[in-house]
Amino acid sequence: MDLIQRSLKLRPPMPLSVAFSWFQSIATSLQGIQASQEQFMFLGKCIAETLQVLDRDFRSGTLSASPNTTKAISDFSTFLKDFAGFCQREASQSFFKSLMSKMRRLSNLDKYQKRLEIVVKSFQSPNLPDPRTWEASATTAWTVDQTKLHNRLVQLEGNRQLLADVLDLSRESARAMVAAIQRQLVDGKIDEEEIHFYSCCLQHLSVAIADDFEVDPWTITPYEVEFGAILGSGMLGKVFRGRLGDTSVAVKVLKNELKISPVTSITRRQIDDWLKLDHSNILRVMGANILDDTPFLVTPFILGGNINNYIDCHPSCDRLKYLHQASLGLAYLHTQGVIHGNIKGSNILIDDHGNAKLCDYGLASLKADANSRALSAERALVSPSWAAPELFMGGNLSKACDVYSFGMTIYEVLAQEVPFGHVPPSGLRDLVVKFHGRPPRPAQVDAPQMSNDVWRFTQRCWHKTPSRRPASSAVSERLTHILSSPPLSRAGASVGSSSVDGLDPPTGSSMTLRTLVSNVASTVSENLLEFGEDVFDNVMPNPLRLFQSSSTYLLKAHQRVMKKPYERCLTLNSDAGITILTLSSSERVLLVGKTTGAIDVWDAKKGIKEGSCLPQPSKSAITCLKFSDSGAYTIRAASQTGELYTWHWGGSNYKLEFSTKVGFSVQAISDNYGERHAAFTQVDGLGQKQICMWRASGDDRYLAGMKSSPTCIAFSPTGSHLFVGDEVGTLSVWISETGQPSRRPLAYSATPTKGHQGFANPSPSTENPKCISLVPSPNGKDVLVGYSNGEIRLWTIASGNYIVIRIPPRQSTTPTYTSLPLTFSSDGTLVLFPSFEEPRRRIEVHDVTTGFKFFTCQLQDWPEGAIVQQIILSPDKSRLILSFEGSTTVLIFCWPVEGWYNQIYSISRLAALLTVVVACFYIYAVSQPPSDEFVIRRYKY
Numbered sequence: 001m002d003l004i005q006r007s008l009k010l011r012p013p014m015p016l017s018v019a020f021s022w023f024q025s026i027a028t029s030l031q032g033i034q035a036s037q038e039q040f041m042f043l044g045k046c047i048a049e050t051l052q053v054l055d056r057d058f059r060s061g062t063l064s065a066s067p068n069t070t071k072a073i074s075d076f077s078t079f080l081k082d083f084a085g086f087c088q089r090e091a092s093q094s095f096f097k098s099l100m101s102k103m104r105r106l107s108n109l110d111k112y113q114k115r116l117e118i119v120v121k122s123f124q125s126p127n128l129p130d131p132r133t134w135e136a137s138a139t140t141a142w143t144v145d146q147t148k149l150h151n152r153l154v155q156l157e158g159n160r161q162l163l164a165d166v167l168d169l170s171r172e173s174a175r176a177m178v179a180a181i182q183r184q185l186v187d188g189k190i191d192e193e194e195i196h197f198y199s200c201c202l203q204h205l206s207v208a209i210a211d212d213f214e215v216d217p218w219t220i221t222p223y224e225v226e227f228g229a230i231l232g233s234g235m236l237g238k239v240f241r242g243r244l245g246d247t248s249v250a251v252k253v254l255k256n257e258l259k260i261s262p263v264t265s266i267t268r269r270q271i272d273d274w275l276k277l278d279h280s281n282i283l284r285v286m287g288a289n290i291l292d293d294t295p296f297l298v299t300p301f302i303l304g305g306n307i308n309n310y311i312d313c314h315p316s317c318d319r320l321k322y323l324h325q326a327s328l329g330l331a332y333l334h335t336q337g338v339i340h341g342n343i344k345g346s347n348i349l350i351d352d353h354g355n356a357k358l359c360d361y362g363l364a365s366l367k368a369d370a371n372s373r374a375l376s377a378e379r380a381l382v383s384p385s386w387a388a389p390e391l392f393m394g395g396n397l398s399k400a401c402d403v404y405s406f407g408m409t410i411y412e413v414l415a416q417e418v419p420f421g422h423v424p425p426s427g428l429r430d431l432v433v434k435f436h437g438r439p440p441r442p443a444q445v446d447a448p449q450m451s452n453d454v455w456r457f458t459q460r461c462w463h464k465t466p467s468r469r470p471a472s473s474a475v476s477e478r479l480t481h482i483l484s485s486p487p488l489s490r491a492g493a494s495v496g497s498s499s500v501d502g503l504d505p506p507t508g509s510s511m512t513l514r515t516l517v518s519n520v521a522s523t524v525s526e527n528l529l530e531f532g533e534d535v536f537d538n539v540m541p542n543p544l545r546l547f548q549s550s551s552t553y554l555l556k557a558h559q560r561v562m563k564k565p566y567e568r569c570l571t572l573n574s575d576a577g578i579t580i581l582t583l584s585s586s587e588r589v590l591l592v593g594k595t596t597g598a599i600d601v602w603d604a605k606k607g608i609k610e611g612s613c614l615p616q617p618s619k620s621a622i623t624c625l626k627f628s629d630s631g632a633y634t635i636r637a638a639s640q641t642g643e644l645y646t647w648h649w650g651g652s653n654y655k656l657e658f659s660t661k662v663g664f665s666v667q668a669i670s671d672n673y674g675e676r677h678a679a680f681t682q683v684d685g686l687g688q689k690q691i692c693m694w695r696a697s698g699d700d701r702y703l704a705g706m707k708s709s710p711t712c713i714a715f716s717p718t719g720s721h722l723f724v725g726d727e728v729g730t731l732s733v734w735i736s737e738t739g740q741p742s743r744r745p746l747a748y749s750a751t752p753t754k755g756h757q758g759f760a761n762p763s764p765s766t767e768n769p770k771c772i773s774l775v776p777s778p779n780g781k782d783v784l785v786g787y788s789n790g791e792i793r794l795w796t797i798a799s800g801n802y803i804v805i806r807i808p809p810r811q812s813t814t815p816t817y818t819s820l821p822l823t824f825s826s827d828g829t830l831v832l833f834p835s836f837e838e839p840r841r842r843i844e845v846h847d848v849t850t851g852f853k854f855f856t857c858q859l860q861d862w863p864e865g866a867i868v869q870q871i872i873l874s875p876d877k878s879r880l881i882l883s884f885e886g887s888t889t890v891l892i893f894c895w896p897v898e899g900w901y902n903q904i905y906s907i908s909r910l911a912a913l914l915t916v917v918v919a920c921f922y923i924y925a926v927s928q929p930p931s932d933e934f935v936i937r938r939y940k941y
């Protein structure tokens with residue numbers, strides 16, 4: 001330990017700083033490890049000796065930052081990170097579980113020793129220790145550990161009180177222990193001392209178990225499976241990555257949000273039925289535990305993730321093929337009398353061989369049983385966006401419900417959009433049941449595989465009448481026919497109007513449906529880039545949808561100011577500088593983060609302060625603030641010094657979930673129904689800024705292949721992706737779960753591209769501007785990016801195309817902007833940002849589809865000379881909330897709701913008329929001899 005302590009006192013050079021930070025974590029965990037302690041300590045000393053030699057070599061100049069050395073340091077840091085996680089898990093193990101997992105632990109220690117030997121050799125330094133000399137010391141450490149273990153077992157056998165303390169018995173845990181011990185005795189891979197100890201344990205446990213119990217042959221006890229990182233939250237509880245022996249598995253805990261588990265007899269009957277199922281397109285159940293108070297299922301771990309994750313990594317894959325495979329699995333389940341109950345994209349997994357597998361089948365009945373014993377009598381649907389109308393009215397699950405959900409899944413997978421993703425839960429029932437609302441048909445450019453045949457069939461699947469929906473066998477047969485059709489007939493056809501269940505809206509309905517006008521530029525869909533999964537170099541964007549807007553094109557100067565002024569302005573005064581705002585989905589609660597580390601809570605409708613909280617002792621400025629999707633009164637906050645806190649509004653308690661080291665800074669946080677992420681930056685060993693993503697499970701992931709320093713970061717609304725803008729104007733997209741890029745980076749291009757005639761393009765600059773702000777759209781498909789030259793672009797992630805919302809100033813010397821606050825309306829149809837033209841104190845409102853300016857809001861109460869820091873538009877568009885740089889004041893400008901809608905509606909009608917005129921002009925233009933071509937983007941109204 002002296003060698004380890006001396007190494008901890010070193011001040012490492014920059015190239016070794018990351019490695020030393022992981023070594024510090026290892027040293028902390030080593031103090032809490034009980035089992036195989038000598039072997040862990042031996043590996044810790046080997047690591048310490050290696051770090052000391054590397055430290056001396058760097059300081060003396062023997063080692064330099066060459067490509068080979070950089071690669072070796074990276075491999076060494078990765079090894080230390082993995083070993084630190086292993087040590088942390090072992091330090092948290094109880095004595096009994098450590099004993100049960102002895103063989104697995106020893107195997108892992110041997111693997112880590114071999115990995116360390118390979119890493120040490122890769123440095124090719126003569127001063128480093130020779131790994132061949134480690135073997136004898138490792139054998140000695142194993143012998144010492146065995147002796148300590150045997151002495152400990154003898155001590156426990158002779159002292160029943162100590163044995164009881166070690167076992168920490170309850171009636172439920174005793175049953176699981178007995179089952180685990182019996183399996184260990186049958187395996188025969190233990191020595192005589194352990195056999196004698198286990199026999200003594202069985203005698204002691206028999207006293208705690210008052211009655212006989214039966215161990216099902218499929219039982220997997222909690223002592224046999226190793227729980228790892230949280231993969232997410234399923235319909236009945238959390239899902240963990242784990243290991244069963246040498247096999248990677250997924251462990252699904254069967255507890256609902258109130259920690260209530262299904263009745264054991266019902267769970268046993270379901271598992272017996274599931275184990276009889278055998279089909280290539282369903283995920284098999286390997287076993288389960290129902291012996292203690294934490295029941296769980298064990299299934300194979302699918303590395304490829306669900307179909308939505310797979311599409312992110314393979315955007316050109318055949319999505320219909322996977323939907324067809326999933327339909328085969330569903331048809332098989334129905335023939336076996338199993339109702340899935342929760343079909344959606346996240347429950348279709350893609351394995352290593354490219355096969356789709358349905359998972360979580362039948363869990364809906366277990367969840368219903370658990371919920372039936374909750375205190376609340378309110379029935380909550382499992383996945384309301386995919387739920388059939390009859391379920392909203394209290395009906396039971398049926399095969400027809402599965403077919404309805406499968407139709408919604410077809411839409412979700414082909415359009416890559418959650419059905420009714422922007423509809424609040426409170427309005428979903430009326431939309432689906434009363435108005436028979438269904439998602440509109442996506443445009444061909446967004447869903448090229450949504451052909452006429454597929455669309456008509458999807459409408460049949462989600463028919464309002466269950467008896468009118470096809471059987472699951474007919475679903476698979478129809479998809480088989482579509483897949484076997486010639487490619488031409490499978491291609492997407494021209495876009496028609498959206499529909500409601502294939503019928504006209506009901507008489508008297510006030511619901512307005514948006515229709516999609518056919519795309520007059522068919523070249524858009526023909527020129528989409530195909531991305532190889534292993535190629536992520538910067539490429540210039542495809543500017544086919546570039547349509548540069550001008551505030552002078554649609555409206556004249558006197559028309560551009562919003563006709564109906566705001567009715568009143570609420571002023572919220574804080575006692576400290578304001579850093580960040582966030583508004584609750586109910587539009588009532590406004591959170592205000594301050595430079596002092598405190599959070600104020602305001603009533604956004606009345607302008608009354610309701611309270612405040614100081615959730616952190618460091619009192620550093622709040623940098624991120626978010627309401628949790630899993631609870632209206634749960635708040636996540638991050639501070640400037642890198643802490644991430646959870647605070648429950650209405651109480652004084654807060655929880656520190658994560659704390660970075662010195663020099664780390666949290667840039668973004670996400671909380672999507674329990675799956676929590678945080679993105680923070682750090683300076684690596686080579687002096688370059690890196691991004692690391694923290695997950696609630698503690699499994700950190702570094703972004704692979706960042707080439708430029710990030711300047712702005714934001715999570716997608718669901719938290720599945722991380723958007724990063726950098727110092728050279730490049731927008732990159734990363735998968736939160738894996739830390740891998742989702743597509744090629746979108747590089748800034750100043751190459752002149754023809755827009756509408758009369759618009760002057762900015763002159764190409766010699767140096768790309770950097771990204772200074774970015775905001776994802778509510779559906780996560782588009783990202784609004786502000787650049788340091790004042791330009792604002794709306795990027796579409798799937799195609800790599802963009803619209804210029806604001807053209808950079810055309811002065812000879814372009815000013816450099818340091819901040820550019822941007823925001824979307826909650827429905828994603830509008831973009832808002834401060835006007836940079838005189839007179840100031842105005843907010844511009846632009847249409848997302850065209851980039852045209854709708855109007856500007858003249859705000860007389862805006863303090864003279866104040867610079868906007870953040871903009872929030874309430875979901876009903878009745879309140880505009882502004883904070884200002886270096887200010888302690890928040891202003892809330894209030895309009896009557898119809899003041900916004902009436903103006904937008906009238907302008908939309910004008911724009912729609914102009915669209916028809918422009919389309920006719922375009923058709924005429926393309927029939928003429930070739931000339932400078934311009935392309936008009938598809939419009940939505």
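The sequence shown begins at 1 in UniProt numbering and counts up one residue at a time.
Glycine residues also receive a C-beta, built at the ideal position from the N, C-alpha and C atoms.
Selected residue, minimal CA-CA separation from residue i, among the options
i, options, result
"R840", "I881, G865, T849, G828", "G865"
"residue 946", "A326, I410, S426", "The requested residue 946 does not occur in the structure, where the chain is confined to residues 1 to 941."
"V733", "D726, P745, E727", "P745"
"T623", "A679, W602, E192", "A679"
"K255", "A91, C46, N289, L244", "N289"
"L54", "W22, C87, P12", "P12"
"E192", "E610, L153, I350, S612", "L153"
"T850", "I735, R806, V589", "R806"
Contacting residues, own chain, Cβ-Cβ under 7 Å from residue i (five flanking each side not counted)
i, result
"L8", "Q24, A27"
"L483", "L320, K321, H324"
"R469", "A400, V403, Y404, R460, C461, H463"
"P875", "E587, S826"
"T458", "G407, I410, Y411"
"L3", "K45, A48, E49"
Per DSSP, cross-strand counterpart(s) of residue i
i, result
"S314", "What sits at residue 314 in the sequence shown is His, not Ser. Note: H314 sits in no beta bridge, so no partner."
"A84", "Paired residue(s): none; A84 is not in a bridge."
"H721", "I735"
"R241", "A250"
Close-in-space but distant-in-sequence residues of the same chain around residue i (CB under 8 Å, 5 per side omitted)
i, result
"T796", "R545, K781, D782, Y802"
"residue 989", "Absent from the structure is residue 989, since the part of the chain shown begins at 1 and ends at 941."
"A138", "Q39, F42, Q113"
"T818", "I772, S788"
Cβ-based neighbour list, residue i, same chain, cut-off 6 Å, excluding 5 preceding and 5 following
i, result
"A387", "L381"
"P769", "G729, Y787, S788, N789"
"D501", "Confidence is the limiting factor: at D501 the pLDDT is only 36, short of 50, which leaves the residue's position unreliable, though a coordinate-based value still follows. Cβ neighbours of D501 beyond the five flanking positions: H436, R438, K464."
Residue i CB to nearest heavy atom of the ligand PLP below 7 Å
i, result
"D453", "The model depicted lacks the ligand PLP and carries no ligand whatsoever."
Which whole runs of the beta strand (DSSP E) in the stretch 345-419 are 3 residues long or more, in chain order? Correct list: 348-350, 356-358.
Starting from the N-terminal side, write out each stretch of the beta strand (DSSP E) that is 3 residues or longer and does not extend beyond the stretch 256-304. Within the stretch 256-304, the complete beta strand (DSSP E) segments at least 3 residues long are 287-289, 296-300, listed from N- to C-terminus.
So, do the stretch 303-321 and the stretch 263-271 have three or more beta carbon pairs nearer to each other than 8 Å? Result no; under three Cβ-Cβ pairs closer than 8 Å.
Can you find at least 3 beta carbon pairs, one from the stretch 115-132 and one from the stretch 69-85, that sit closer than 8 Å? In this structure the stretch 115-132 touches the stretch 69-85; the number of beta carbon pairs closer than 8 Å is three or more.
Three or more C-beta pairs under 8 Å: does that hold for the stretch 862-877 against the stretch 572-587? Yes: at least three Cβ pairs fall under 8 Å.
Just list the beta strand (DSSP E) runs in the stretch 561-620, keeping only unbroken ones of 3 residues or longer that don't cross its boundaries, in chain order. For the stretch 561-620, the continuous beta strand (DSSP E) assignments of 3+ residues that do not extend past its boundaries occur at 568-573, 578-583, 589-594, 599-603, 608-613, in sequence order.
Determine contact between the stretch 330-337 and the stretch 274-283, defined as no fewer than three beta-carbon pairs at a distance below 8 Å. Taking 8 Å as the limit for Cβ pairs, the verdict is that the stretch 274-283 does touch the stretch 330-337.
The stretch 220-236 touching the stretch 172-185, judged by at least three CB pairs closer than 8 Å: Touching, yes, given that three or more Cβ pairs across the two stretches are closer than 8 Å.
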